[in-house]
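Okay, structure first, notes after.
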């Protein structure tokens, strides 16, 4: 029998969706076939690095006292036995993901983190069972996942919430890599309450899991039906009130609806031989952990072993065992959801740079020293190019810079960090160190005066597409893709500050703010 915890104590118990976080970590660095982080000896490390980085961020934000990680097994589950098409058509697991996740699971043992599986069940079922068990024992349960299916477990009365791993909308909002979801947040995001998530999938299905749903019922109709009748049972109990084609689809798809409901329901009574007390964070054996971190070449984590020890419930020693060669009081580690190939140094730097721009959470705490130092400095005021005459004068000036020793710095301003989703709102350039040697051309801002984007691009095209005008950029790959979407083939790039930063120190944060701090 589990030990009961009094309500005023309510320690935080974080449950981690292991494969969800592992795959997100992998694809954050390795969307291309040969991409990903690797050691100098070729060991893939995208999963291990991203997983540990994200885990530490969440632990810093939520200060858990208990933690467990659920993983899927390779063997089929009861859902596969009930429907042989379940999850059919999914792409094969990337080849280098497999050794990476094996190293991750070994790494977790050194942290004394229980990795829990259950034959015949999925990680979601393990999480659902542990969540109920921990909730009943009086714990505050938070589930870390990137899978919306787990929203069905959210329950204020049970003190269960979901820490949803962010995608673009969260990163743009500045809320970091994860956001805590209670019933209100689930309603705001999905348009339904947590207890309606299962029936929502029963109606419109789930392509990623190959759950059929009711043929012809889409998201909008499913939301309308659940708003009116609250549940799948409520919908079929009031079928006579529903008119036209929707009624016919529901009648013909009733069997599929209830089959989909069963497939989408997370099991919450999996037979698990797990004692919650064994999931308490009690620190780890540094002597056992350090060789693994060295094998994976995680220099940043090696520098922070003592802080990590404290985070995991252990006692921090008076002095660090490992030397902190950076000299920084608050080093940041970054991970992104960006296309990368770290066998290619440019793409490796791109992955790290995108993270610096996208992640709102730092590795430990933000160092305010630089901000304090800059309080009394005058900000640079760019020339705002908001008339055709100013644009023509700027073009004439830029055409004089043909010396490769004095490239012009360029930057595009966009509405998003994913090139396919981004709209160009402005272009900036800098050609010297004087206060007036920088200009900005607004083309798509909601306020203020803008120049016509087509006019601007036509004026700049001869410069941007020419090898004769040397250019320097921060993350040239991103700007190249943005401009390509505008019909501009960027040429003449001779220097990339982000790439240079990566080559000098792969472990550091490569954002412009960090580069300024380190100069």
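Residue numbers (the working numbering): -12 to 506. We treat Cβ as the ideally placed atom computed from N, Cα and C, and that holds for glycine.
Which value, in whole angstroms, describes the spacing of the CA atoms of residue 123 and residue 101? 20 Å
If you count every other CB in all the chains shown that lies within 10 Å of the CB of residue 449, and 16 or more means buried, which is it? exposed
Check whether the Cβ atoms of residue 151 and residue 126 sit closer than 7 Å, and answer yes or no. no
What does residue 54 pair with, by DSSP beta-bridge criteria? 1
With the cut-off set at 7 Å, would you say residue 298 and residue 46 are in Cβ contact? yes
In whole angstroms, what is the alpha-carbon distance linking residue 179 and residue 94? 38 Å
Contact between the region 232 to 246 and the region 182 to 202: three or more CB pairs below 8 Å? yes
What separation, rounded to the nearest whole angstrom, lies between the Cα atoms of residue 264 and residue 404? 42 Å
If you check the beta carbons only, do residue 131 and residue 257 fall under 7 Å apart? no
Whether or not the region 48 to 61 and the region -5 to 14 are in contact is what I'm after, with contact meaning three or more pairs of Cβ atoms, one per stretch, closer than 8 Å; do they touch? yes
Nearest neighbour of residue 88, chosen from 120, 6, 302 [CA to CA]: 6
How many Å lie between residue 371 and residue 378 at the Cα? 10 Å
Reducing DSSP to helix, strand and coil, say where residue 131 ends up. strand
With DSSP as the reference, label residue 273 as helix, strand or coil. helix
Less than 7 Å between the C-beta atoms of residue 13 and residue 279, yes or no? no
Beta-carbon separation of residue 400 and residue 382 under 7 Å? no
For residue 475, collect the residues of the same chain with a Cβ closer than 7 Å to its Cβ; drop the 5 residues on either side in sequence, then sort them by chain order. 444, 448, 451, 452
Secondary structure at residue 372, three-state DSSP: helix, strand or coil? coil
Checking the sheet assignment: what are the DSSP bridge partners for residue 519? Any property of residue 519 remains undetermined from this structure, which presents the chain solely from -12 to 506.
Out of 261, 406, 430, which one is the CA nearest neighbour of residue 113? 261
Considering only C-alpha positions, which residue in the set 376, 99, 148, 288 is nearest to residue 267? 99
Alpha carbon to alpha carbon, how far is residue 8 from residue 218? 31 Å
Can you tell me the Cα-Cα spacing of residue 483 and residue 395, whole angstroms? 12 Å
Are the beta-carbon atoms belonging to residue 477 and residue 470 less than 7 Å from one another? yes
Just verifying my parser: in three-state terms, what is the DSSP assignment at residue 148? strand
Below 8 Å CB to CB, which residues in the same chain sit around residue 238 once its five sequence neighbours on both sides are set aside? 226
Taking 8 Å as the limit between beta carbons, can you name the residues of its chain near residue 236, skipping five residues before and five after? 201, 202, 203, 204
Using DSSP with H/G/I as helix, E/B as strand and the rest coil, what is residue 261? coil
Would you kindly work out how many angstroms separate the C-alpha atoms of residue 68 and residue 62, rounded to a whole number? 11 Å
Among all the DSSP beta bridges, which residues are the ones paired with residue 198? 193
Residues that DSSP places opposite residue 301 in a beta bridge: The partner list for residue 301 (beta bridge, DSSP) is empty, contrary to what the question assumes.
Under the three-state reduction of DSSP, which class applies to residue 443: helix, strand or coil? helix
DSSP puts residue 414 in a beta bridge; with which residues? 399, 428
Starting from the C-beta of residue 57, find all residues in its chain whose C-beta is less than 6 Å away, skip the five residues before and the five after it, and write them out in chain order. 5, 103, 110, 113, 114
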